[in-house]
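Novice: Per UniProt numbering, numbering through the sequence shown is continuous, rising by one, with the last residue being 129. All C-beta atoms, glycine included, are put in the ideal place defined by N, C-alpha and C. Please find one structure pasted underneath; my questions will follow.
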Amino acid sequence: MGHEKKVARAYLREMVLSMVVYVVLLIGAMKFGRPLPDGVLRTAILLVPMIGFFLAIWAVARHLGRIDEYQRRIMLDTFAIGSAVTAAVTFSYGFLETAGFPRLSMFAVWPIMGASWMVVCLGRWLLKR
């Protein structure tokens, strides 16, 4: 097996593991944290799923360290452009909220960012063809 396949498999394994941890902790936090009265304990329990999210960040950081410079540049460029698009969309929507549009949860930012990254990846792929 070549180096690139080993790197891709390691990344996939680490990312899947982090998402499994996230989902398990999320289910536990919702089951045990939601019924608790407001307070420090409830807040702490409801934040526990972030452990899985931080493991995902760790997986991405490790992947960036394993790939070659060209792949790293492409990946970081995609993150940067996707983040800029996310900033533009969420900032624009902030103005729309002042015009009476419904307030969005902060949970909306992550799907917007993920969609932005996918669109940038797709656009790069289409331009290369």
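Is any beta-carbon of chain C found at less than 8 Å from that of Pro-37?
Specialist: Of the protein chains in the structure, only one exists, and it is not chain C.
Novice: Quick check: the Cα distance between Tyr-22 and Ala-44, rounded to an integer number of angstroms?
Specialist: When rounded, the distance between both Cα atoms is 15 Å.
Novice: In whole angstroms, what is the alpha-carbon distance linking Arg-103 and Arg-62?
Specialist: Using only the alpha carbons, I get a separation of about 36 Å.
Novice: Considering Cα atoms alone, identify which of Ser-116, Arg-66, Ala-88 and Trp-117 is closest to His-3.
Specialist: Nearest C-alpha to His-3: Arg-66.
Novice: Do you know offhand how far Val-85's Cα is from Met-113's?
Specialist: Near 8 Å, if we compare the C-alpha coordinates of Met-113 and Val-85.
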